[in-house]
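Colleague:
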Amino acid sequence: MIFITLISRTVTRTLLGCWLILGIAAVVLTSRPAVGRDIFVDNEKGDDAFTGRIATPGQTVDGPVRRISRALALA
17 MIFITLISRT
27 VTRTLLGCWL
37 ILGIAAVVLT
47 SRPAVGRDIF
57 VDNEKGDDAF
67 TGRIATPGQT
77 VDGPVRRISR
87 ALALA
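Counting with this note's numbering, you get residues 17 to 91 for the letters of the sequence shown.
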């Protein structure tokens, strides 16, 4: 009876160890670093059609967005 109890404990500990390793591996493999970027807002010269990646509008078709709500939608 004692022998069966020792085997049962060993099997239980081994299975718990395997589940712990699998859980840690799942977290590590599925996690990714957070990516952030700046979105520029200018209520006078901005345009909500822009992407907000450039601080001042230039010759290109990009520049700051006009409204903060648009910047939040892009974030």
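Every residue, glycine too, gets a C-beta built ideally from N, C-alpha and C.
Quantities reported herein were computed from a predicted structural model and do not represent experimental measurements.
Taking the straight line between their C-alpha atoms, what separation do you get for Glu60 and Ser47?
Modeller: Near 40 Å, if we compare the C-alpha coordinates of Ser47 and Glu60.
Colleague: Give the single residue among Ile55, Pro49, Leu88 whose Cα lies nearest to the Cα of Thr72.
Modeller: Thr72 has its Cα closest to that of Ile55, out of Ile55, Pro49, Leu88.
Colleague: Please state whether the Cβ-Cβ distance between Leu88 and Gly68 is less than 8 Å.
Modeller: No.
Colleague: Is Val57 helix, strand or coil when you go by DSSP?
Modeller: Strand at Val57.
Colleague: Contact check, Asp64 vs Val81 under 8 Å by CB: the rounded distance?
Modeller: Their Cβ separation, rounded to whole angstroms, is 5 Å, which keeps Asp64 and Val81 in contact under 8 Å.
Colleague: To which residues of the same chain is Gly62 closer than 6 Å at the C-beta, ignoring the five residues directly before and after it?
Modeller: Only Pro80, Val81, Arg82 meet the Cβ criterion.
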